[in-house]
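Presented below is the structure to which this report refers.
Residue numbers (this note's numbering): 824 to 904.
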């Protein structure tokens with residue numbers, strides 16, 4: 824996650840006329856969003872989730888990310904659906 828934050832800082836310095844304080848605030852919000860997405864991914868990737876919520880699907884972008892990262896997750900998702 825730090826690399827994405829560093830990239831964002833460089834992009835903002837080169838292409839934004841926002842103040843340094845506004846840029847820092849934007850990076851912090853970006854880091855919060857990344858952390859929230861990471862937490863959601865962990866929450867929805869546990870076997871317990873599938874046992875408790877058999878009638879619900881996880882969000883499609885999260886599902887796609889998990890499938891691409893681990894073939895076993897793809898198998899688990901297919902079994903859960």
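Glycine included, every Cβ here is placed at the ideal spot set by N, Cα and C. Quick caveat: nothing in here was measured; it's all calculated off a predicted structure.
- Determine the extent of the alpha helix (DSSP H) in which residue 849 is found, giving its start and end residues. 843-867
- Item | Residue closest to residue 847, alpha-carbon to alpha-carbon, out of 859, 832, 867 and 888 | 832
- When you compare only the Cα positions, how much space is there between residue 824 and residue 855? At residue 824, the pLDDT of 44 sits below 50, so the modelled position is not reliable and the matter cannot be decided from this model.
- Query: Out of curiosity, what's the CA-to-CA distance linking residue 893 and residue 835?
  - Reply: 33 Å
- Query: Going by other Cβ atoms of all chains shown within 10 Å of its Cβ, with 16 needed for buried, is residue 842 buried or exposed?
  - Reply: exposed
- Message: Quick check: the Cα distance between residue 867 and residue 902, rounded to an integer number of angstroms?
- Response: 14 Å
- Would you mind stating whether residue 853 and residue 828 have Cβ atoms separated by less than 9 Å? yes
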